[in-house]
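Enquirer:
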Amino acid sequence: MTMTARVTSPNRVDRTARVVVATAFGGPEVLAVVDEDIGVPGAGEVRIAVRAAGINALDWKRYSGAMGTSARLPMRIGFEAAGVVLDVVGAAVGPAGRVRVGDEVIAFHIDGGYAEEVVVPASAVVPKPAAMGWEAAGGLMLAGTAAVHALTATAVSAEETLLVHAAAGGVGLMAVQVALARGARVIGTASEGNHPYLRKLGAEPTTYGEGLADRVRELVPRGVDAAIDCVGTDEAVDVSLELVANRDRIASIVAFQRGGAVGIKILGGGPGADPGTDVRNRARLQLTALVEQGKLEVRTRSFELAEVAEAHREGQAGHVSGKLVLTPTAYPARPRLSKISGGGKRSTSPRGVGQIRSSLRSSTRPRWVAHRIGGREQRQPPGLTRRTSRRRAGSRRVPARPGTRSGRRFENARCRPLELNCPFALSRGGCDPRLCRVTLVDMADEQDATDREATR
Ligand SMILES: NC(=O)c1ccc[n+]([C@@H]2O[C@H](COP(=O)([O-])OP(=O)(O)OC[C@H]3O[C@@H](n4cnc5c(N)ncnc54)[C@H](OP(=O)(O)O)[C@@H]3O)[C@@H](O)[C@H]2O)c1
Numbered sequence: 447m448t449m450t451a452r453v454t455s456p457n458r459v460d461r462t463a464r465v466v467v468a469t470a471f472g473g474p475e476v477l478a479v480v481d482e483d484i485g486v487p488g489a490g491e492v493r494i495a496v497r498a499a500g501i502n503a504l505d506w507k508r509y510s511g512a513m514g515t516s517a518r519l520p521m522r523i524g525f526e527a528a529g530v531v532l533d534v535v536g537a538a539v540g541p542a543g544r545v546r547v548g549d550e551v552i553a554f555h556i557d558g559g560y561a562e563e564v565v566v567p568a569s570a571v572v573p574k575p576a577a578m579g580w581e582a583a584g585g586l587m588l589a590g591t592a593a594v595h596a597l598t599a600t601a602v603s604a605e606e607t608l609l610v611h612a613a614a615g616g617v618g619l620m621a622v623q624v625a626l627a628r629g630a631r632v633i634g635t636a637s638e639g640n641h642p643y644l645r646k647l648g649a650e651p652t653t654y655g656e657g658l659a660d661r662v663r664e665l666v667p668r669g670v671d672a673a674i675d676c677v678g679t680d681e682a683v684d685v686s687l688e689l690v691a692n693r694d695r696i697a698s699i700v701a702f703q704r705g706g707a708v709g710i711k712i713l714g715g716g717p718g719a720d721p722g723t724d725v726r727n728r729a730r731l732q733l734t735a736l737v738e739q740g741k742l743e744v745r746t747r748s749f750e751l752a753e754v755a756e757a758h759r760e761g762q763a764g765h766v767s768g769k770l771v772l773t774p775t776a777y778p779a780r781p782r783l784s785k786i787s788g789g790g791k792r793s794t795s796p797r798g799v800g801q802i803r804s805s806l807r808s809s810t811r812p813r814w815v816a817h818r819i820g821g822r823e824q825r826q827p828p829g830l831t832r833r834t835s836r837r838r839a840g841s842r843r844v845p846a847r848p849g850t851r852s853g854r855r856f857e858n859a860r861c862r863p864l865e866l867n868c869p870f871a872l873s874r875g876g877c878d879p880r881l882c883r884v885t886l887v888d889m890a891d892e893q894d895a896t897d898r899e900a901t902r
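Going by our numbering, the residue at position 452 of the sequence shown is 898; the numbering climbs one at a time, nothing skipped.
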């Protein structure tokens, strides 16, 4: 894909990004990675550079045609993503307050998360816990909010015993951990290979299959107080009915038909189910708080965007433990500056050029070095050579803008991100030119002033 003359908004000219689409209704073979115009954010919307996007069974259920074939094709996919805010338009306020350029966020419930970039309403955006990895953040919300909804619907409280069917799956692991955090005792069904991990979390695992009710009774002779079904098998529904006295305290997120017929709670987007929109919306900040408290983790396995069909085949096989996520762009382990930009007024960016300039002022050792470009000395980040900046970046003159002392700017240049702490860096070193928003500004005036001050 060619990404030339890409300029940060409001002057942004290239709006294309790699996205995953379903080109037809069918299996994973209908998935394709294409360049698509993702548009620009409107009022109250934000654009996010996606670092990780959660994969959910609902994704393939949608494009398989099982949920109807009225959706328009090609269909963007992905209900959740985590990434860095690139643009903000208007008063962008999410559930945790104002959303700013450079914020590290989780976006849910959204459409089209399988992408390098996505434009979403700010209301869908919550802050990513600082210590949380991108993959974990990308896979937290859909499963996590469903788990909180199921625990709320079944009113699980401290000292009670909960049975979770498919406890090692995406939703199951969230339900297990949130229930444990609430002080409940948790029995979870899973194949043997997942027992050690469930034990490590504090749950009591048992194998599903024939004799399940007896095995649970051995652990809890008086029966369990509540059950959450995350697999939808007859066994899960029948064993729950056998062991839980009150049907109001059994919930299924899968067995919509059978669950409805036997009078247990069915939750989610299916016919006759409780969508729990408010509970799930509120759950987003509860989940990030649990992560911050060290009470919730997300087990992940990641795939690159181009491996999306393979990831879906793996998911459809039905034995994933935790979450599968897509990582559309690589990134440095811990970016410190959320955004680096230069030139002109960037009122949306609290951490733009002003931050760089103030760090220049407070340091006697300049972080920017001089190069001669076009016969004039320029200040540039250490490591950026004149040749690379001209060849790769295509430096150009732009008219002076209010707020800049010089009209000379170098846009979309590659930098050495580890030195600049650029959030758009690839982990292998060097910026991803499709994401790099570093704008080299003629810093000569400022730098000279800094140097004069330092030698005074
Ligand atoms: N209604 C809603 O709001 C909502 C929300 C999210 C998801 N869902 C649905 O809920 C289901 C689960 O989603 P998920 O993301 O948790 O799926 P998942 O991660 O793919 O679940 C896989 C897990 O299922 C377990 N499993 C497979 N066969 C089993 C069986 N016969 N009995 C018990 N466990 C079995 C596997 O355990 P082992 O590997 O140990 O065998 C594996 O850990 C999907 O159908 C999804 O569409 C609904």
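Glycine is no exception: its CB is placed at the ideal position from the N, C-alpha and C atoms.
Work out the CA separation of Asp-481 and Leu-465 for me, nearest whole Å.
Expert: In the sequence shown, residue 465 corresponds to position 19, counting from 1. In the sequence shown, residue 481 corresponds to position 35, counting from 1. Residue identity differs from the one stated: residue 465 is Val in this sequence, not Leu. The alpha-carbon atoms of Val-465 and Asp-481 are separated by roughly 6 Å.
Enquirer: Taking Gly-938 as part of the alpha helix (DSSP H), name the residues at either end of that continuous run.
Expert: Residue numbering for the chain in the displayed model covers 447 to 902; residue 938 lies beyond these limits and cannot be assessed.
Enquirer: So that I know if they touch, is there some Cβ in chain D lying closer than 8 Å to that of Gly-705?
Expert: Of the protein chains in the structure, only one exists, and it is not chain D.
Enquirer: I'd like to confirm something about Ser-637: is its beta-carbon nearer than 7 Å to some heavy atom of ligand 1, or not?
Expert: The residue you call residue 637 lines up with position 191 of the sequence shown. Result yes, Cβ under 7 Å from ligand 1.
Enquirer: Any heavy atom of ligand 1 within a distance shorter than 7 Å of the CB on Val-766?
Expert: By 1-based counting over the sequence shown, the position of residue 766 is 320. Yes.
Enquirer: How do the stretch 735-754 and the stretch 538-558 stand: do at least 3 beta-carbon pairs fall below 8 Å, yes or no?
Expert: Because the criterion of three Cβ pairs below 8 Å is not met, the stretch 735-754 and the stretch 538-558 do not touch.
Enquirer: Taking 7 Å as the cut-off, is the CB of Val-670 close to at least one heavy atom of ligand 1?
Expert: Here residue 670 is taken as the residue at index 224 of the sequence shown, counted from 1. False, no ligand heavy atom lies under 7 Å from that Cβ.
Enquirer: To the nearest angstrom, how far is it from the Cα of Val-467 to the Cα of Ala-596?
Expert: The residue you call residue 467 lines up with position 21 of the sequence shown. The residue you call residue 596 lines up with position 150 of the sequence shown. Near 30 Å, if we compare the C-alpha coordinates of Ala-596 and Val-467.
Enquirer: Three-state secondary structure (DSSP) at Lys-741?
Expert: Position 295 of the sequence shown, counting from 1, holds the residue named residue 741. Coil.
Enquirer: Going by Cα to Cα distance, which pick from His-758, Leu-713, Gly-761 and Val-530 is closest to Thr-591?
Expert: Taking the sequence shown and counting its residues from 1, one reaches residue 591 at position 145. Among His-758, Leu-713, Gly-761 and Val-530, the Cα nearest to that of Thr-591 is on Leu-713.
Enquirer: Compute the Euclidean distance between the alpha carbons of Met-587 and Ala-576, then round it to the nearest angstrom.
Expert: Here residue 587 refers to the residue found at position 141 when the sequence shown is read from its first residue. Here residue 576 refers to the residue found at position 130 when the sequence shown is read from its first residue. The straight-line gap from Cα to Cα measures roughly 16 Å.
Enquirer: Could you spell out where the alpha helix (DSSP H) holding Lys-507 opens and where it closes?
Expert: The sequence position of residue 507 within the sequence shown is 61, counting from 1. Here the alpha helix (DSSP H) through Lys-507 covers 503-510.
Enquirer: Would you list, in sequence order, the uninterrupted alpha helix (DSSP H) runs of no fewer than 4 residues that lie entirely inside the stretch 592-671?
Expert: Complete alpha helix (DSSP H) runs here, min 4: 616-627, 641-647 and 658-665.
Enquirer: Which class does Met-521 belong to by DSSP, given the choice of helix, strand or coil?
Expert: Counting from 1 along the sequence shown, the entry for residue 521 is found at position 75. Residue state, collapsed to three classes: strand.
Enquirer: Counting only the same chain and skipping the five closest in sequence on each side, list residues whose C-beta sits under 8 Å from that of Gly-490.
Expert: Against the sequence shown, residue 490 aligns to sequence position 44. Excluding sequence neighbours, Gly-490 sits near Val-535, Gly-536, Ala-537, Ala-538, Val-539, Pro-567, Ala-568 and Ser-569.
Enquirer: Using DSSP's beta-bridge definition, name the partner residues of Val-547.
Expert: Walking along the sequence shown from the start, residue 547 turns up at place 101. For Val-547, which the question treats as bridged, DSSP gives no partner whatsoever.
Enquirer: Okay, do the stretch 512-519 and the stretch 598-614 touch, 3+ Cβ pairs below 8 Å being the bar?
Expert: The stretch 512-519 is not in contact with the stretch 598-614.
Enquirer: With a threshold of 7 Å, establish whether the CB of Gly-764 neighbours any heavy atom of ligand 2.
Expert: With respect to ligand 2, the structure shown offers nothing to examine, as its ligands consist of ligand 1.
Enquirer: In terms of residue numbering, what span does the beta strand (DSSP E) encompassing Ser-698 cover?
Expert: Locating residue 698 in the sequence shown gives position 252, where the first residue counts as 1. Residues 696-698.
Enquirer: Going along the chain, which residues of its own chain have a beta-carbon closer than 7 Å to the beta-carbon of Gly-840, five neighbours each way excluded?
Expert: Counting from one through the sequence shown, the residue named residue 840 turns up at place 394. With a pLDDT of only 37 at Gly-840, under 50, the local geometry of the prediction cannot be trusted, and the value read off the model is given with reservation. Excluding sequence neighbours, Gly-840 sits near nothing in its chain.
Enquirer: Once the 5 residues before and after Gly-821 are set aside, which same chain residues still bring their CB inside 8 Å of it?
Expert: Stepping through the sequence shown from its first residue, residue 821 is reached at position 375. Below a pLDDT of 50, predicted positions are generally treated as unreliable, and Gly-821, at 35, falls in that range; no measurement from the model is reported.
Enquirer: Beta-carbon separation of Leu-608 and Val-632 under 8 Å?
Expert: For this step, residue 608 is matched to residue 162 along the sequence shown. For this step, residue 632 is matched to residue 186 along the sequence shown. Result yes, Cβ atoms of Leu-608 and Val-632 sit closer than 8 Å.
Enquirer: From the DSSP output, which residues share a beta bridge with Ile-674?
Expert: As a working note, residue 674 is residue 228 in the sequence shown. DSSP output for Ile-674 lists Val-610 and Ala-697 as bridge partner(s).
Enquirer: Is Glu-491 helix, strand or coil when you go by DSSP?
Expert: To locate residue 491, count along the sequence shown from 1; it is residue 45. Looking at Glu-491 - three-state DSSP - the assignment turns out to be strand.
Enquirer: Alpha carbon to alpha carbon, how far is Gly-716 from Pro-845? Give it in angstroms, no decimals.
Expert: As a working note, residue 845 is residue 399 in the sequence shown. As a working note, residue 716 is residue 270 in the sequence shown. Note that Pro-845 scores a pLDDT of 40, beneath 50, so its modelled location is shaky; the value from the coordinates is reported in the next line. The straight-line gap from Cα to Cα measures roughly 56 Å.
Enquirer: With C-beta atoms as the reference, is Gly-618 less than 8 Å away from Val-610?
Expert: Walking along the sequence shown from the start, residue 618 turns up at place 172. Walking along the sequence shown from the start, residue 610 turns up at place 164. A contact, by the Cβ cut-off of 8 Å.
Enquirer: List the endpoints of the continuous alpha helix (DSSP H) containing Phe-702.
Expert: Within the sequence shown, numbered from 1, the residue matching residue 702 stands at position 256. Start and end: 702-708.
Enquirer: For my contact list, Glu-563 and Val-492 are in at a C-beta cut-off of 8 Å; report their separation, rounded to the angstrom.
Expert: Sequence index remark: in the sequence shown, residue 563 carries index 117 (1-based). Sequence index remark: in the sequence shown, residue 492 carries index 46 (1-based). Contact flag wrong, Cβ pair sits at about 11 Å.
Enquirer: Which residues bound the alpha helix (DSSP H) around Val-687?
Expert: As a first step, residue 687 must be located in the sequence shown, where it is residue number 241. Checking the sequence, you will find Leu at residue 687 rather than Val. Start and end: 680-689.
Enquirer: Answer with buried or exposed for Pro-828, where buried requires no fewer than 16 other C-beta atoms within 10 angstroms of its C-beta.
Expert: Counted from its first residue, the sequence shown places residue 828 at position 382. Only weak support exists for where Pro-828 lies, its pLDDT of 37 falling under 50; the coordinates are left without a value.
Enquirer: According to DSSP, is Ser-748 part of a helix, a strand, or is it coil?
Expert: On the sequence shown, position 302 is the one that residue 748 refers to. In the structure shown, Ser-748 sits in a strand (DSSP, three-state: E or B).
Enquirer: Please indicate yes or no: does the CB of Asn-502 lie closer than 7 Å to some heavy atom of ligand 1?
Expert: Sequence index remark: in the sequence shown, residue 502 carries index 56 (1-based). For ligand 1, at least one heavy atom lies less than 7 Å from the Cβ of Asn-502.
Enquirer: Taking the DSSP output, what are the residues bridged to Gly-540?
Expert: As a position in the sequence shown, residue 540 is number 94, starting the count at 1. Answer is Gly-543, bridged to Gly-540.
Enquirer: Where does Ala-478 sit, in a helix, a strand or coil, going by DSSP?
Expert: By 1-based counting over the sequence shown, the position of residue 478 is 32. It is a strand residue.
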